[in-house]
Structure formats: C-alpha cells, structure tokens
RNA sequence: GCUGCCAUCGUCUAGAGGUUUAGGACAUCGCCCUCUCAAGGCGGAGAUCACGGGUUCAAAUCCCGUUGGCAGCGCCA
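Residue numbers (this note's numbering): 1016 to 1508.
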C-alpha cells in the first residue's frame, strides 16, 4: 500500500461545474489507481457566498458521478460526511496555527482599513507595479500595536513573506517553476472575523489530513509559493503538487456560465450518462499512449496516472461528449437502459411524459431505437407514436410518401391491400412473416419494395424515420397495425 | 501593468533527437451495408508540428527570442 492521500476541495458557491468535476475526477482516479485515499473537503470559509444549497448540489453531483470519498469526520449510515472548514474553524483548528506563526515571528497582526489597502493597491498599479500591501503594520512597535488594538479591536493576520530568495515548486506535471518572493506580498491568513483565508486554511487542512498529493487546476499555481512558505514556516513537509491545465470554452476563455451548460447537473438533465461525462472529462488533459478513447470506469481507475496528464489547456467539445454518450447507451443492456431512462424521468420530473404508457411496450420500443439514442431525453420522442391513438402525421412524410404524384397510386394500393390481407393474417405476425408478405406484395404488383415499405411506415408511425418497419409492426400487433392503416386510408384517400 | 503557464489536423490528443510520407479519436466528406433513420465497415480530405533563430550529421522533439492565448495579482476560493 502506497498510502497516497488526495482531496477535492470545492467551495460551495454554486453548482459543481465541469472544471470542478474534472479536478474531483482526477483526484479520485489517482487515489484509486494508487490504492490511496480520496477525501472531500468543503471550503466554506467565504461566509458571504457559501450556501447550504450549493453544498447539497455538490454532494448530489458527486453522488451521481459516483465519485465517492473514503474518509470523513463522521458517518451517515454507510457514507462518510465531508469535512467542512467552518466546522473546523469552530474547533479552533486554524486560530491555533495562526497564533503559533505570530508567536514565532512569521506573521503579524495588521490594523489597516480596507480604504488604506485599496489606496496602496491603486498607487502600486499607477506605478505599474504588482498590487501589493506595503507592510506598514509589519514593523509596528509593541506600543503602536497596543494603541491600535484599543482603537480597532479586530485585526487581520498577515504572513511575513520573505523578500529575498525565490520559492521553487517542483510540479509533477510541469516540472520546476520558480517564483520570485519579492513579487509576493504579505498576504492575509486570518480575516478580521477570525475566519482563515483560502491559502492558509488549505495548508493547515492538507497537513492535518495528511494529504500527500495536491492535484488541482493550474489557476492555483500562483498560490502555490505562498502555500509553500507557510509549510516552511510551520516546519512541515510540503506535499507534492500537480497542476493540471484548465478546460476552456469554445471561445478559448476559461469555461464559465457564458458558455451555456457548465453545471454537471445540467448535463444530467439533458440525459447524459454519468459514465459518458466521466469518460469524456478523463480525456480532457489525460491520455494513454495508444490513444484509447472509450473506457469503463474500472479501466480509468486502473490506468490513470499523473505522468500522462498534459500541460496545455483543452477546449470542451460537446460533439465528442455526445458521441461518447451514444456509445455508452449502446453498450447498455435493455434493462439497464430502461432503468437509466426511468431515473432520468424522475430526476427531471418528466414522469408525465410516459403517463398511461404500457411499460412492456415501452421497454421493447426503446430496444428498437437503442442504437439511435444520443441522449436519454431523446427517448420519449423516438417512441411516443407507439402509444398515442391518434398519431401525428408529419406533413412532409405524408406529402412525399403518400400524396405525391409519383407515389399516391401505389401508396393507396398498398395500404388498401395491406389493410385487408394483414387483417386476415391468422397466427404469424412476426417481423419475418411480415417482411415476406411485403416483399411478395411488391413482386405481385410489380412495384419496388420501397413503394410497399414506405407507405406502411408513414401510415402506422406518421414518420419517414423510425425503427425497422417489420419489428415495429410486430411490436404494435396486428389489430393496431390494421387500425392505423385504415385510419390513414380514410384520412388521406 | 507585473508575474506565471501554455502553443501538433476545426476539436481532444499520440509523439520524450533518427523507426514519421507526423499516428489515433470526434466532427466533416464519399462509398458499402440497408425498408427509413441510425449503427457498423471501408476510404478521403484535413497539421509547412505558432513564428524566427540556434545546438546537432539529424529537431515536432533540446536551447534562446518573438508573437498569440490563458491564468493569477481580494479580509474570493
């Protein structure tokens, strides 16, 4: 056992989006591939923006995607609860280490007001320098400090950034990255309200949770030197870092709300399969040497490795995801697919779509259309004509197949013949027998098979596209087929 | 503005100095199969490996520069 430990640490300020899922996925896959542990930590220290609903949305998404975590502060039935930073804050976890840093001279209280800090930033920017805190509270005497404390009870704690030297990050994906410390400022580690900031809470928790590998998006890369400095000050071993490339929208900017669907839950609503999304996301920034495209979840857990993660950003491409979804749908057994569909109906509150439909007929009709289904939401339209008594005849289909000058005579003939002969058909209404009947009819009347097949298709389904005609007829049954043909005859001839 | 990261077909990518006329997948186009639509099979088109300099007998692969894209620079995470 290698004992690697990784975590996914989302902030609950909205739905879990595609980028977040990819981060969670890679962490989870890495853990599984190494027989390590995967932890979920909710970073809810932004009291203004964190919401209970977002926490639930993240948990729901993780559950749907089957990204399970292996540890937590408590258990709810068979599942672990995630870690919550605000709960840990209540336990004094972060304050303790902030105090330690101040005591050891690695951090100091700062009494500057928001206005003062804004002013500094503006000035720095005007001088074309990186916006930076000017450290005025760093050199306060004990006396100054006492006086300030009386005036403003609440100070923030800033970390003393060394200004000489560089901080070196040996990234597992990018190799060596060097940062000049003089560009980094004395950042805040504890807010005035006693809540830790991201960079601080993250380090404390990663250490306390024994995280060995920090696998995250490369938008965090410039935070890393700050975090490394905290580890050093506390004399803690720095974990290994791996920064993966971002996922971009089709316009090249980082994926965001502007790009339409970004929340995983929206993909679920559209009728994407969990496995398709996972498979697709795995391919965004990771690949195998043989360029394998379709993976089972098990294969991913087995084959994933950080070394094979790429460094360049990837554009999210719905076309390929859609293909993969069809691929996954085709790989399902009829039973699995039906269950998936029912889950989707429930999830999207669309159960009324199949109200009154015969379940057995539904299952069988889905089977006939399986290879065509790209999204679960396609299913109702694909099969609904089986269930409606008064089917909707597509205008174009009727005009082209039944009523055009070229086709109307043969169409009328075929339908009239079929209505009579099929009604007489005694026992065998199998696809095989029906096909034989249709081919014989074409031969007998000396017309093309298509001139027999197409009118029947339109008469019983109202469409030019659909499942294999004779399987469709077999499934509908004799009475219904004959009835529909008669209806069509009365309607159009 | 400063700092950092990145740069191979439209998109995801393979490629770690010679085995590359740069391979695979999606999309696209054509053909085959065929009762329609799909699915499947076969094939085509599509990348002077961002550009410019080096290093080397040899570079998509190493080095430098340029350009472009993205990211970070909060009492957000």
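Cβ atoms here follow ideal geometry from the backbone N, Cα and C, with glycine treated the same way. All figures in this text were calculated on a predicted structure; none of them were measured in a lab.
Where residue i falls: helix, strand or coil (DSSP)
{"i": "residue 1069", "result": "helix"}
{"i": "residue 1407", "result": "coil"}
{"i": "residue 1330", "result": "strand"}
{"i": "residue 1206", "result": "coil"}
{"i": "residue 1182", "result": "strand"}
{"i": "residue 1278", "result": "strand"}
{"i": "residue 1092", "result": "coil"}
{"i": "residue 1295", "result": "helix"}
{"i": "residue 1310", "result": "coil"}
{"i": "residue 1284", "result": "helix"}
{"i": "residue 1174", "result": "strand"}
{"i": "residue 1193", "result": "strand"}
{"i": "residue 1098", "result": "strand"}
{"i": "residue 1124", "result": "strand"}
{"i": "residue 1136", "result": "helix"}
{"i": "residue 1257", "result": "strand"}
{"i": "residue 1319", "result": "coil"}
{"i": "residue 1301", "result": "strand"}
{"i": "residue 1263", "result": "strand"}
{"i": "residue 1019", "result": "coil"}
{"i": "residue 1481", "result": "coil"}
{"i": "residue 1053", "result": "strand"}
{"i": "residue 1230", "result": "strand"}
Contact belief for residue i with residue j at Cβ below 8 Å, rounded distance in angstroms
{"i": "residue 1323", "j": "residue 1302", "result": "6 Å"}
{"i": "residue 1175", "j": "residue 1123", "result": "7 Å"}
{"i": "residue 1509", "j": "residue 1328", "result": "Only positions 1016 to 1508 of the chain appear in the structure, and residue 1509 is not among them; the question remains open."}
{"i": "residue 1047", "j": "residue 1316", "result": "4 Å"}
{"i": "residue 1280", "j": "residue 1076", "result": "6 Å"}
{"i": "residue 1057", "j": "residue 1224", "result": "So it is not a contact: roughly 13 Å between Cβ atoms."}
{"i": "residue 1098", "j": "residue 1215", "result": "The Cβ separation is near 16 Å, so there is no contact."}
{"i": "residue 1236", "j": "residue 1218", "result": "No, residue 1236 and residue 1218 are not in contact; Cβ-Cβ is about 15 Å, not under 8 Å."}
Neighbour-count burial assignment, residue i, 16 or more Cβ in a 10 Å radius
{"i": "residue 1374", "result": "exposed"}
{"i": "residue 1200", "result": "buried"}
{"i": "residue 1162", "result": "exposed"}
{"i": "residue 1088", "result": "exposed"}
{"i": "residue 1221", "result": "buried"}
{"i": "residue 1154", "result": "exposed"}
{"i": "residue 1447", "result": "exposed"}
{"i": "residue 1241", "result": "buried"}
{"i": "residue 1195", "result": "exposed"}
{"i": "residue 1445", "result": "exposed"}
{"i": "residue 1349", "result": "exposed"}
{"i": "residue 1183", "result": "exposed"}
{"i": "residue 1398", "result": "buried"}
{"i": "residue 1186", "result": "buried"}
{"i": "residue 1343", "result": "buried"}
{"i": "residue 1419", "result": "exposed"}
{"i": "residue 1065", "result": "buried"}
{"i": "residue 1436", "result": "exposed"}
{"i": "residue 1370", "result": "exposed"}
Cβ neighbours of residue i in the same chain (closer than 7 Å, five flanking residues each side left out)
{"i": "residue 1206", "result": "1171, 1212"}
{"i": "residue 1389", "result": "1337, 1340, 1341"}
{"i": "residue 1353", "result": "1378, 1381"}
{"i": "residue 1269", "result": "1261, 1263"}
{"i": "residue 1417", "result": "1423, 1426, 1470, 1473, 1507"}
{"i": "residue 1481", "result": "1472, 1487"}
{"i": "residue 1035", "result": "1025"}
Contacts around residue i, its chain only, beta-carbon distance under 6 Å, and the 5 residues preceding and following it disregarded
{"i": "residue 1490", "result": "1379"}
{"i": "residue 1198", "result": "1145"}
{"i": "residue 1408", "result": "1477"}
{"i": "residue 1300", "result": "1259, 1260, 1324, 1325, 1329"}
{"i": "residue 1372", "result": "1402"}
{"i": "residue 1085", "result": "1052, 1053"}
The ligand ADP heavy atom lying under 8 Å from the CB of residue i
{"i": "residue 1155", "result": "Although the ligand ADP was asked about, the structure shown includes no ligands whatsoever."}
Same chain, Cβ closer than 8 Å to residue i, five either side skipped, listed in chain order
{"i": "residue 1227", "result": "1018, 1019, 1020, 1021, 1051, 1254, 1255"}
{"i": "residue 1488", "result": "1444, 1446, 1449, 1471, 1475, 1496"}
{"i": "residue 1347", "result": "1355, 1385"}
{"i": "residue 1193", "result": "1181, 1182, 1183, 1184"}
Contact the stretch 1132-1148 vs the stretch 1088-1101: 3+ CB pairs below 8 Å:
no
Between the stretch 1104-1120 and the stretch 1072-1079, do three or more beta carbon pairs fall short of 8 Å?
no
Okay, do the stretch 1443-1460 and the stretch 1354-1365 touch, 3+ Cβ pairs below 8 Å being the bar?
no
When you compare the stretch 1492-1503 with the stretch 1422-1438, are there three or more beta-carbon pairs, one atom per stretch, that lie closer than 8 Å?
Short answer: they touch.
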